[in-house]
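Protein chains: 2
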Amino acid sequence: MTRPVKVAVVGLGSMGFGMARSCVRQGYQVFGSDIVTERMDSLRNEGGAAETVDAVAASLDAVVAVVLNADQTETILFGETGIVPKLKPGAVVVACATVPPDFARSMETRCQDHGVHYLDAPVSGGSVKAGEGKLSIMAAGTHEAFAAAQPVLEATAETVFKLGDTAGSGSAMKAVNQLLAGVHIAAMAEALTFGMTQGIDPQKFINVISRCAGTSWMLENRAPHVVAGDYTPHSQTVIWPKDLGIVLEAAKGSGLEAPITEAALRQYNKAVEMGLGHEDDAAITKVYARSAGLQLPGEG
Amino acid sequence: MTRPVKVAVVGLGSMGFGMARSCVRQGYQVFGSDIVTERMDSLRNEGGAAETVDAVAASLDAVVAVVLNADQTETILFGETGIVPKLKPGAVVVACATVPPDFARSMETRCQDHGVHYLDAPVSGGSVKAGEGKLSIMAAGTHEAFAAAQPVLEATAETVFKLGDTAGSGSAMKAVNQLLAGVHIAAMAEALTFGMTQGIDPQKFINVISRCAGTSWMLENRAPHVVAGDYTPHSQTVIWPKDLGIVLEAAKGSGLEAPITEAALRQYNKAVEMGLGHEDDAAITKVYARSAGLQLPGEG
């Protein structure tokens, strides 16, 4: 009888919690860590193990890092109480935050210095798919990193894109995806409000455009939030200044101008300045509505 | 036995020719008109009627105007040899060009002054669907205009969106669609070239992004042209300065800022300045590639 796979999930926000649950469902021993201790209790209620991540670090097979950004990833891996120096050789770090490709490459090197594998593994799909084990993962890393991460990938992903044999390519593809997703949400907002100025009702906008050449995945996903006047943060506005910032930094480093990304970023920055950072990112529509004096569904 | 429906199609470019053929297939008597006389011969070879549009104007049931813009539409309807004054009362003009909503409203009024119905009917779907009779038509007009246009709609459209009972709403929805479609093509170009700077091969870009949240209808349709290095003009770059100009003019008139549309328009203008106006609009990717010193597939 083989011992169960031991996985730690660090960062139990909606994505991390969903991924942890998917690992529990697969029969793994799952240890959770989060600065919000209630989330660790919730995971235990869902079948997570009793011990803390720190207490079992030396016996872990994999650490899944599902934190907000590069800074937080570096802290949990190599900070004062960082976990990598405590891992056994051959363990793997599965790094899911959206980070600059260069950062992913440097984390891989530092993990390898400790005999630990690193999988550059940003995710796409949202918290619902995380809980169902049906994420898309844009992964890059050595053959050994993929092999060590296989149980985690199996439990959490419907689709694993193998993008390269060193870290960086996963984060690069994620940046490409975020460029498009961020621009498409902002373009949806611009078009929906433009339509309103021309007498087009937002629900009719969705009905027609979703069947025409102007449609996008993000339009079909986010425009209904505007129609419902429901800005419950499935994905917060505040992630976009960060993610589009990563895109523009990398683009600049390569001498590529990205004026459409820049225009979208300015709109997200305005949304954050208006206090909409922790609303659903469809709230960028309010930036346009405010500037043109339009009343969105559910307002007023 | 009822006499066959008599339809004139004015403007036999790829869209107009396809629509004319769809009308022929439906058993209508179809008269074609174009400044390129060879196109009129081609239509006759495909079953079009022998007479000129002018010779039969008084007996036409419908005139389908499939020209480039508002100026050309006005010329063929009300110019020196304009057709509207020659039509019988109760005939209908089906106006398919992308035009400002205000222009559509003024054309409707002027047609009604002659006892002629006017259907504001911009189309979406491209020349292939035009030839198959499977266009999407964003239509607005009076009940009588819809009734008179019914045979044309039946022959040419898979989907007719009924957007209002006066002209203008069809053109408004088309402008909304063009805002999105134009931005999405430019965003595709920005993201594809950004990916290249990060080591992502364009074919891999399509494989991954088309299955992620960053996808759009236009990305899936146009990015393959870039991968193939094939800029055969299925839809020319030069239409975008016109169509996005219509959007920005209408937005400005309503006090709405549209910074993402503006950024996309600047990129299309650069493409036209680079001599790419009559290439497929996927050629906007060359603007980015040139600025960053990248070599696209099929180049060099």
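Each protein sequence line maps, in turn, to chains E and A. 474 is the number of the first residue of the first sequence in our numbering; add one for each residue after it. 474 is the number of the first residue of the second sequence in our numbering; add one for each residue after it. Note that beta-carbon positions come from the ideal geometry of N, C-alpha and C, so glycine has one too. Quick caveat, the model's predicted, so the values are computed rather than measured.
Counting along the chain, E/H657 sits inside no beta strand (DSSP E); it lies in the alpha helix (DSSP H) bounded by residues 642-670. For A/V537, the enclosing beta strand (DSSP E) has its first and last residue at 535-538. At least one C-beta of chain A is nearer than 8 Å to the C-beta of E/T670.
Contact annotation, A/A530 with A/I556: C-beta distance approximately 6 Å; criterion of less than 8 Å satisfied. Using a Cβ distance threshold of 8 Å, E/G491 and E/V503 do not count as a contacting pair.
Here DSSP, grouped into helix, strand and coil, assigns A/M747 to coil. Restricting attention to A/D674, A/Q709, A/E553, A/A662, the CA atom closest to the CA of E/T734 is found in A/A662. In its chain, beyond the 5 residues on either side, G563, A564, V565, V566, C584, G614, T615, E617, A618, A621, A622 have a beta carbon closer than 8 Å to the beta carbon of A/H590.
Nearest CB-CB separation between E/A659 and chain A: below the 8 Å threshold. Here E/V745 has T710, V711, P714 as same chain residues with Cβ atoms under 8 Å from its own Cβ, once five neighbours each way along the sequence are excluded. Contact annotation for A/W713 against chain E: no contact, minimum CB-CB distance about 13 Å [criterion: below 8 Å].
Per DSSP, reduced to three states, the secondary structure at E/K715 is helical. Taking C-alpha positions only, E/S683 is separated from A/T688 by approximately 13 Å.
If you look at E/K559, you'll find it isn't in any alpha helix (DSSP H); DSSP assigns it neither H nor E. Under the three-pair Cβ rule at 8 Å, the segment 510-518 of chain E does not count as touching the segment 570-578 of chain E. Residue state for A/S487 is assigned as helix, using DSSP reduced to three classes.
Taken through DSSP and simplified to helix, strand or coil, A/S506 comes out as strand. With three or more CB-CB distances shorter than 8 Å, the segment 722-738 of chain E counts as touching the segment 667-684 of chain A. When the beta-carbon positions are compared, E/S495 and E/T629 come within less than 8 Å of each other.
In this structure, E/V480 and E/A523 do not form a Cβ contact; the two beta carbons are roughly 15 Å apart against a cut-off of 8 Å.
Within the DSSP bridge table, the entry for E/L592 names E/V567 as partners.
Excluding sequence positions up to five before and after E/L721, its CB lies within less than 8 Å of the CB of A731, T734, E735, L738, all in the same chain and listed in chain order. Taking a beta-carbon distance threshold of 8 Å, A/L592 does not count as an interface residue toward chain E. E/A612 places its beta carbon less than 8 Å from that of E/V633. Exclusion of the five residues before and after A/E519 leaves R494, V497 as the residues of its chain whose Cβ lies within less than 7 Å of its Cβ. A Cβ-Cβ contact shorter than 8 Å links E/C685 with A/S597. The beta carbon of E/N742 sits no closer than 8 Å to any beta carbon of chain A. If you draw a straight line from the Cα of A/L636 to the Cα of E/G672, it is about 10 Å long. Among the residues facing chain A, E/F576 is not included, as its CB has no counterpart in that chain under 8 Å away.
Taking a beta-carbon distance threshold of 8 Å, A/I610 does not count as an interface residue toward chain E. In chain order, V720, T734 place their CB closer than 6 Å to the CB of A/L652, counting only its own chain and leaving out the 5 sequence neighbours on each side.
As for any alpha helix (DSSP H) of minimum length 4 sitting wholly inside the segment 606-643 of chain A, the runs are 616-629, ordered along the chain. The CB of E/L653 comes closer than 9 Å to the CB of H657, A660, M661, E663, A664, I682, C685, A686, G687, T688, S689, L692 in chain A, given here in chain order. Secondary structure at A/A523: coil, using DSSP grouped into helix, strand and coil. Annotation for A/Y761: the continuous alpha helix (DSSP H) segment containing it runs 757-765. Counting along the chain, A/N542 sits inside no alpha helix (DSSP H), nor does DSSP assign it H or E at all.
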